[in-house]
Amino acid sequence: MGTQLGFYIDQSRCSGCKACVMACKDKNNLEGSRMYRHVTEFCGGSFAPSGNGYTQNVFAYWLSMSCNHCENPACVKNCPTGAMQKRSEDGVVYVDTELCAGCKYCLWNCPYGAPQYNEKEGKMSKCDFCIDLIAEGGDPACVAACPYDAIEYGPIDELREKYGKLADIKGLPSSTITKPDVIIKPHQGAQK
Amino acid sequence: MHEWPLLLFTVCLSTCVGGFVFLGLTHKKLAEEADSFKVMKLPLIIFVALSMIGLIASFFHLGTPAHAFYLIRGFGRSWMSNEIVFSGLFILLVCVTAGLALFQKKTNLVLIATTSIVGLIAVYCMASIYTVTRINGWHSLNTYLVFYGTVFTLGPVLCASVIGLTYKDVVKKIIKMAFVLSVVGIAIQVLGTIIFSVTSFDIQLINGTSAVEILGSYNSMIIARWVLELAGLALLGVVAMDSMKKVNYSMIYLVLAAIIVGEAMNRYVFYILGS
Chain A
363 MGTQLGFYID
373 QSRCSGCKAC
383 VMACKDKNNL
393 EGSRMYRHVT
403 EFCGGSFAPS
413 GNGYTQNVFA
423 YWLSMSCNHC
433 ENPACVKNCP
443 TGAMQKRSED
453 GVVYVDTELC
463 AGCKYCLWNC
473 PYGAPQYNEK
483 EGKMSKCDFC
493 IDLIAEGGDP
503 ACVAACPYDA
513 IEYGPIDELR
523 EKYGKLADIK
533 GLPSSTITKP
543 DVIIKPHQGA
553 QK
Chain B
46 MHEWPLLLFT
56 VCLSTCVGGF
66 VFLGLTHKKL
76 AEEADSFKVM
86 KLPLIIFVAL
96 SMIGLIASFF
106 HLGTPAHAFY
116 LIRGFGRSWM
126 SNEIVFSGLF
136 ILLVCVTAGL
146 ALFQKKTNLV
156 LIATTSIVGL
166 IAVYCMASIY
176 TVTRINGWHS
186 LNTYLVFYGT
196 VFTLGPVLCA
206 SVIGLTYKDV
216 VKKIIKMAFV
226 LSVVGIAIQV
236 LGTIIFSVTS
246 FDIQLINGTS
256 AVEILGSYNS
266 MIIARWVLEL
276 AGLALLGVVA
286 MDSMKKVNYS
296 MIYLVLAAII
306 VGEAMNRYVF
316 YILGS
């Protein structure tokens, strides 16, 4: 295998602005609810009377997530046509639309909601790490768009040396299922 | 719930498999009482029709049906490919068995048995498709028991009902077998429900919802389904009793209707979890 690419998400800096989502939708021409990167809000807590006033434990934070181009992608393993493939040169998981029959089985297999059904084409689609932009010396659309520099990308081994290995936070399924190539710096309160 | 094509496909195929198992088990008794070909002719034709309905329905699940034949490329790796290969083989064998019987005017027990075995393997693959996914509630022995439950309930009841249309005397001898298999079919589904209810399923989807939470909105349907199927089973038992000198045929079709509706409801609730 070549050099596995991965994302580093600094959740502690994320404001939930969704610039990454819109940049991705724009670059990939995604219509309607189709999103290769999505931002999820986590919020809760409440106010409680305390003496003459109130105390509160209200919180809100966001998580930007796309395909994690996993080490053991369940979408690739279980795809009946072999359309879902993992590139050997950089570990990017992509859909070969010449083979895809649009059975949507990958949708049921991905823990991260990465595969997206393209109604118009009748086939699946997903984040492909903007490999075309990277080949031209550019960055993935989401990385370039983030105003907080909260998304970084690169060889996952280098990112892990720099930022650690955490890929399990509240709201995410266990990283042991598909071994996602993502590292997250959790927001306060998001640690498991 | 958008998975109507899959609901139709899985219920039709499971019913056909159960029907063939039933024909295999009752073949000797049917041959003793009458010309087994004449008795089995209509059920075999019905199973060909049912498998075709299931097959056509499965194409409606695909976004690009023109790429349908690529679905077998993952054989050995993907449970969906495995299921398509074995289901395809089963449907082919159903057609060959029925076609040969119609041509030779006699049934072939070896073919019926082989078709049944391939069908049972296809059902295992069918259930495995769902157990390996991230959908909460599907990764359970219950999923296998739900699918095999349909095989042993709907298949025999449909088969006995069809035979009863033209061979009332013969059906008296086989109604007990239909009842025994239906008891097995219902019993394994009860077991499956118990296993499901005591299992704690990990959430394996980002922002996933638990199966228990989803099913909370379908309590009435779940209860209605069990009432219908248990009532149907009880009625079948009454019909199968030795003391019944003459089988009341309207009761058999009532049983069939109750089981069809019950099984359809159960499969609907199953697919709700994945929608």
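Taken in sequence, the protein lines are chains A and B. Note that our numbering has the first sequence beginning at 363, numbered continuously upward. Note that our numbering has the second sequence beginning at 46, numbered continuously upward. All C-beta atoms in this analysis are idealised placements derived from N, C-alpha and C, irrespective of residue type, glycine included.
{"Check": "Assuming residue 153 of chain B and residue 256 of chain B are in contact, meaning their beta carbons sit under 8 Å apart, how far apart are those beta carbons, in whole angstroms?", "Outcome": "The Cβ separation is near 43 Å, so there is no contact."}
{"Check": "Mapping DSSP to helix, strand and coil, what is residue 517 of chain A?", "Outcome": "strand"}
{"Check": "Since residue 95 of chain B and residue 85 of chain B are thought to touch, with beta carbons under 8 Å apart, how far apart are those beta carbons, to the nearest angstrom?", "Outcome": "With a Cβ gap of about 15 Å, residue 95 of chain B and residue 85 of chain B do not count as contacting."}
{"Check": "Of the residues A/539, A/450, A/471, A/444, which one's Cα is nearest the Cα of residue 460 of chain A?", "Outcome": "A/444"}
{"Check": "Going by the CB atoms, is the gap between residue 47 of chain B and residue 464 of chain A shorter than 9 Å?", "Outcome": "no"}
{"Check": "Note down the Cα distance separating residue 539 of chain A from residue 83 of chain B, rounded to an integer number of angstroms.", "Outcome": "54 Å"}
{"Check": "Starting from the beta carbon of residue 107 of chain B, find every residue of chain A whose beta carbon is closer than 7 Å, and list them in chain order.", "Outcome": "463, 464, 465"}
{"Check": "Would you check if the region 64 to 73 of chain B and the region 183 to 195 of chain B touch, i.e. whether three or more CB-CB distances between them fall below 8 Å?", "Outcome": "no"}
{"Check": "Quick one: give me the first and last residue of the beta strand (DSSP E) that residue 400 of chain A is part of.", "Outcome": "400 to 406"}
{"Check": "Do residue 476 of chain A and residue 462 of chain A count as a contact pair if the criterion is CB distance below 9 Å?", "Outcome": "no"}
{"Check": "Does the distance from the CB of residue 426 of chain A to the CB of residue 512 of chain A come in under 9 Å?", "Outcome": "yes"}
{"Check": "So if I threshold CB-CB distances at 8 Å, which residues from the region 466 to 479 of chain A count as touching chain B?", "Outcome": "466, 467, 470, 471, 472, 473, 474, 475, 479"}
{"Check": "One question on the structure: do residue 174 of chain B and residue 473 of chain A come within less than 9 Å of each other, judged by their Cβ atoms?", "Outcome": "no"}
{"Check": "Who are the Cβ neighbours of residue 110 of chain B in its own chain at under 6 Å, not counting the five residues just before and after it?", "Outcome": "104"}
{"Check": "Can you check which of these residues, B/219, B/196, B/271, B/312, is closest to residue 78 of chain B by C-alpha distance?", "Outcome": "B/219"}
{"Check": "Do the region 154 to 163 of chain B and the region 517 to 529 of chain A make contact, defined as three or more Cβ pairs closer than 8 Å?", "Outcome": "no"}
{"Check": "Taking just the CA atoms, how far does residue 163 of chain B sit from residue 135 of chain B?", "Outcome": "6 Å"}
{"Check": "Using a C-beta to C-beta distance shorter than 8 Å, which residues of chain A count as neighbours of residue 187 of chain B?", "Outcome": "What residue 187 of chain B touches in chain A: nothing, since even the nearest Cβ is about 17 Å away."}
{"Check": "Are at least three pairs of beta-carbons, each pair with one atom in the region 299 to 313 of chain B and one in the region 192 to 202 of chain B, less than 8 Å apart?", "Outcome": "yes"}
{"Check": "According to DSSP, simplified to helix, strand and coil, what is residue 63 of chain B?", "Outcome": "helix"}
{"Check": "Could you give the first and the last residue of the continuous beta strand (DSSP E) run that contains residue 511 of chain A?", "Outcome": "That residue, residue 511 of chain A, is in no beta strand (DSSP E); it is neither H nor E in DSSP."}
{"Check": "Between residue 213 of chain B and residue 276 of chain B, what straight-line distance do the alpha-carbon atoms span, to the nearest angstrom?", "Outcome": "23 Å"}
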